[in-house]
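Okay, so the sequence shown: first residue is 0 according to numbering that gives the first Met the number 0, each after it adds one. Shown next, in C-alpha cells, is the structure this report addresses.
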Amino acid sequence: MMNDSMKDPGNSYLLEIGLEEMPAGMILPAVEQLKHNAEKTLETLQMQSVTIKTFSTPRRLALLLRGFPERQEDRVQELKGPPASIARDENGSWSKAALGFANKNQVSPESLEIRKFEGRDYLYTSNLIKGLSLTEILRKEAPQWIAGLNFSKNMRWGSYRMRFVRPIRWLVSLWNDEILDFSLEMVQTGKQTKGHRFLSPEPKIVNSAQDYEQHLLENFVQADFNNRRNEIISQIRKLEEQHNCKIKIEEDLLEEVTNLVEWPQAMLGQFEEGFLGLPESVLVTSMAVHQRYFPAYSSHVEGNRQLLPHFIAVRNGNEHQLETVCQGNERVLRARLSDARFFYDEDRKRPLQYFQDLLERVVFFQKRGSQLERVQRIQKLSLKLARFLQLSETELIQVQRIAELCKFDLQTQMVYEFPELQGLMGEVYSAHKGEEPVVCQGIREHYCPRTANDELPSDRVTLPVALADRLDMLAVAFSLKMIPSGSADPYALRRMAQGVIQIVLGKELPFSWNELASMVVEILKDQQEFINEPELLEQQLVDFLQQRERWYLQEKGLRHDMIEALLKNPSGTPLSRMNLAETLSKDMNLPEFKKAVEAVVRAINITNKYSNESQAAKMDESSLANDEEILLHQTIKELELNSESFESESPRQFLSKLYRLESTITAFFDGVMVMDPDPVMRSNRLAICNLLAQWSSERLDLKEIIFPGD
C-alpha cells in the first residue's frame with residue numbers, strides 16, 4: 000500500500016513570461032493577477048485542488064500549477080425538451096417536435112423519456128460529454144491569462160496588438176517535461192528561459208516544470224519573492240552583527256528592493272560624518288527614497304537612536320568586485336548629499352518671508368489664483384474651524400501662524416530637489432528662525448495623514464490647518480469640475496477627502512459635512528467671485544465626503560445595511576454616526592433589538608404609505624380615548640422624543656429609548672386601527688406614527704437594517 004509521500008502528485012504545468020525589466024511596484028500586483036486568472040480557469044474546471052505557486056522577478060512572471068489529471072472527467076448533460084403533451088401524434092408515435100428534439104441533440108428517439116418539471120411533464124434526454132485533455136484546455140487558456148493582465152501603465156511595443164508593461168522576450172510553457180505550444184505577439188513558447196542577466200547570460204533549457212525553481216537557482220535567479228526577501232533580511236542582519244549597527248527595515252523599501260534584484264547581495268557602505276549635520280529626514284530621504292539604501296542607526300529603540308554614517312545597499316549580483324560596487328554607491332550618495340548640504344545652507348540664509356513672497360509667483364490652479372492666495376484662504380478657513388472648536392485666543396494665534404507658514408517651504412531649494420520633504424523642511428527651517436515649537440510641528444503635521452495608516456496631527460492647533468488645506472483643495476478642484484470619476488483621480492482628491500475623514504473621526508471632531516462644505520465654499524466665494532453655483536458646489540462636496548465616509552466605515556468592518564441606515568441621516572455628524580454604529584453593532588444580534596426595530600419600522604411604513612395625510616396630521620391630546628394610544632403618547636412625552644437635543648444624546652440612551660418603546664408600540668398596533676374612519680382619531684394616530692418616524696430618521700433609517708431570515 001502506498002503511503003502519502005508515494006502517491007502520484009499528478010501532472011504539473013509551468014508558465015513563465017520573460018520580459019524586459021519591469022518597474023518594481025508593478026511586479027507583485029501583476030503576478031497576483033496572473034494567479035487570479037489561472038484560479039478562475041480552475042474554478043470553471045472544478046479543479047480547485049490544483050495548487051498554484053507564483054514566481055516573480057524584474058524579468059519574469061511565472062506560475063507552477065501542480066496536481067492536474069490527464070483530462071477532464073466525462074459528464075452527463077441533462078437536456079429538457081418540449082412538453083409531453085405535444086410529444087406524440089394521434090397514433091402514439093413520436094411527434095415531429097419530439098423527433099426534432101432528438102435530431103437536434105444527436106440522440107435516438109428511443110433514449111427520450113418523460114419527466115416532471117415544475118408540475119408539468121416534459122421530454123428529456125441525456126448527453127455524454129467527453130472530458131477534454133488538460134493540454135487542450137491550457138493551450139487555449141494560458142494565453143488569456145497573460146492577455147488579461149492589467150498594468151497601471153501599458154504601452155504598445157513594436158507591432159504588438161495588445162498593450163503590455165514591457166516587451167515579452169520569451170515564453171516557457173511546459174506540461175510536465177513537454178512543450179505546450181502556443182504563441183503570443185509573435186513569441187513562441189518553448190523550454191528556453193534565461194538566468195541572471197550577468198552571472199548566467201546564456202539561454203538555458205528547463206527540462207521539466209518541476210525542475211523550474213531549482214534550475215533558476217543554479218543560474219543565479221531566486222525566483223521566489225518570499226525567499227528573496229528573506230535572503231535580503233538575513234544578509235542585513237549579518238552585516239548588523241559584523242559592523243555593530245542597527246538597520247530599520249521599512250517594509251515598503253524592502254519590498255521595492257526585493258523586486259529590483261534577482262540574486263541579492265547586500266553590502267555596507269559609508270559616507271563622511273560631516274553629512275550628519277544635515278537633518279535626519281534629508282539623509283534618510285536621500286538614502287531610502289532616492290537610492291534605495293537602508294540607513295544604519297546606533298539602536299533599534301525609537302527616541303534612543305542616532306543615525307550613523309553607514310548604509311546598506313543591495314546589488315543584483317554576487318560578491319564579485321563587491322568593494323568596487325560599494326565604492327560606486329558611496330560616490331553616488333556623496334554627490335547627492337553634497338547637493339543637499341548646499342541647498343540646506345543656502346535656504347537657511349533667507350528669512351521665511353522671502354519664501355512666503357515667492358508663493359505669489361506660483362499658480363495654484365489656472366483661474367483660481369496663486370499659492371499665496373491659497374495660503375490666505377487656508378488661514379481664513381483655519382480660524383473659522385478653530386473658533387468652531389472653541390480654541391483659546393492663544394491657540395488661535397498659533398493656528399494663524401501655522402496656516403500662514405504652512406506652504407513656504409515649497410519655494411525652498413531643498414524641497415524643489417526633494418519634494419518628499421515638504422512639511423519636514425518647513426519644520427526645520429522655521430525652528431532655525433526661532434518660531435514656537437508648536438508652530439514648527441504644526442507646519443510638518445498639517446500634511447498628516449499622508450496615507451491611510453499614517454499618524455494624525457498630534458496637537459489640536461494643527462487640526463484646523465490640516466482640515467483647511469484638504470478642504471480648500473477639494474473645493475477648488477470641484478469648482479473647476481475636476482471631480483474624480485472611475486479610477487481616474489490625477490489630483491489625489493479621494494486621498495484628500497480620506498484625510499478629512501480620518502482627522503474628523505480619529506480626533507472626534509463635531510463637524511458635519513454640511514458645516515465644513517459651507518465654510519470652505521463661503522471663503523472661496525469671497526476670494527473667487529466667479530464661483531457661479533455655490534449651493535451646487537457645497538452639495539457636491541458633501542456627497543463626495545459622504546461617499547468616502549461610506550468607504551471608511553466599510554474598512555472598519557461595518558455591515559452594508561448598517562452603513563446605509565446611518566448615511567440616510569445627512570444632517571448628523573460623522574462622529575455621531577460612528578459612535579452610534581459602534582453601539583448598535585454590539586446589539587445587532589439581540590432578539591429585543593430586532594423586535595424594537597420592527598416595531599418602529601411599522602410606524603415608519605404607515606407614515607410613508609399615507610405620507611400626505613401623515614404630514615398634515617395634528618395631535619389633539621384631549622381626544623385620545625384608547626388605552627394603548629394614551630400609553631404610547633405618554634411614553635413618547637416621557638422620553639422627550641420631540642426634543643432637539645438628539646446630538647447630545649448618547650447612542651446607549653437612544654437604544655434605551657428604542658427598547659422601552661417596543662412594548663408600547665406593539666400594544667398600540669395590536670389595540671387600535673390607525674386608519675380609523677373617525678378623522679380625529681386617525682389624525683392622532685398618524686401624528687404618533689409620524690413622531691416615531693421623525694425621531695428615528697434623525698439618527699438612522701431603521702428600514703435599511705436587515706435581519707437574518709428577512
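C-beta atoms are modelled at their ideal positions from N, C-alpha and C, and glycine is treated no differently.
In the structure shown, Gly485 adopts coil according to DSSP, grouped into three states.
It is roughly 36 Å from the alpha-carbon of Ile705 to the alpha-carbon of Ser48. Here Pro448 has Glu454, Leu455, Gly498 and Gln501 as same chain residues with Cβ atoms under 7 Å from its own Cβ, once five neighbours each way along the sequence are excluded. Rounded to whole angstroms, the separation of the alpha carbons of Glu507 and Ala666 is 40 Å.
Cβ contact annotation for Thr663 (same chain, cutoff 6 Å, sequence separation greater than five): Leu630, Leu631 and Thr634, in chain order.
The DSSP-derived three-state label of Arg469 is helix. Per the coordinates, the alpha-carbon of Leu332 lies some 15 Å from the alpha-carbon of Ser280. Between the alpha carbons of Leu535 and Gly571 lies a distance of about 20 Å.
The closest CA to that of Lys247, considering only Asn531, Phe310 and Ser125, is found on Phe310.
Here Asn315 carries a strand assignment [DSSP, helix/strand/coil].
Counting only residues of its own chain and dropping the five nearest sequence neighbours on each side, Glu239 has a CB closer than 7 Å to the CB of Lys245 and Ile246. For Trp550, no beta strand (DSSP E) run applies; the uninterrupted alpha helix (DSSP H) run containing it begins and ends at Pro533 to Glu554, by DSSP.
Shortest Cα-Cα distance from Pro418 to any of Tyr446, Leu133 and Val398 involves Tyr446. In the structure shown, Ile530 falls within a coil segment according to DSSP collapsed to helix, strand and coil. Take the alpha-carbon of Arg335 and the one of Gly194: they are about 33 Å apart. When the beta-carbon positions are compared, Asn258 and Ala23 come within less than 8 Å of each other.
The beta carbon of Ser94 sits closer than 7 Å to the beta carbons of Ile85, Ala86, Arg87 and Asp88 from its chain, once the five residues preceding and following it are set aside; these are given in chain order. The beta carbon of Val324 sits closer than 6 Å to the beta carbons of Arg314 from its chain, once the five residues preceding and following it are set aside; these are given in chain order. Using a Cβ distance threshold of 8 Å, Gln76 and Gly130 do not count as a contacting pair. DSSP places Phe219 outside both helix and strand once states are collapsed to three, so it counts as coil.
For the pair of segments examined, the region 511-524 was found not to touch the region 396-406: the number of CB pairs separated by less than 8 Å stays below three.
Three or more Cβ pairs closer than 8 Å define a contact, and the region 577-585 meets that threshold against the region 645-660.
Straight through space, the alpha carbons of Gln234 and Met21 are spaced by roughly 24 Å. In the structure shown, the three-state DSSP call for Glu77 is strand. Under the DSSP assignment, Gly498 falls outside any beta strand (DSSP E), being part of the alpha helix (DSSP H) whose first and last residues are Leu492 to Gly505. Membership of Lys193 in the beta strand (DSSP E) is indicated by the continuous run Gln191 to Lys193. Out of Tyr12, Asp542 and Leu638, the CA that lies nearest to the CA of Asn206 is found in Tyr12. One thing to note: Leu62 has its Cβ no nearer than 8 Å to the Cβ of Leu137. In summary, Ala295 is buried, with 16 or more beta-carbon neighbours lying within 10 Å of its beta-carbon over all protein chains present. Sixteen is the threshold: when 16 or more other Cβ atoms of the shown chains lie within 10 Å of the Cβ of Leu173, as they do, the residue is buried. Note on geometry: alpha-carbon atoms of Lys52 and Leu544 lie some 41 Å from one another. Across the structure, Lys379 and Gly505 are spaced so that their CA atoms are roughly 24 Å apart. Sorting Asn689, Ala624 and Arg196 by C-alpha distance to the C-alpha of Ile605 places Asn689 at the top. The C-alpha of Glu372 is placed about 41 Å away from the C-alpha of Ser696.
Counting along the chain, Phe667 sits inside the alpha helix (DSSP H) bounded by residues Pro650 to Gly670.
Bridge pairing for Asn102: absent [DSSP].
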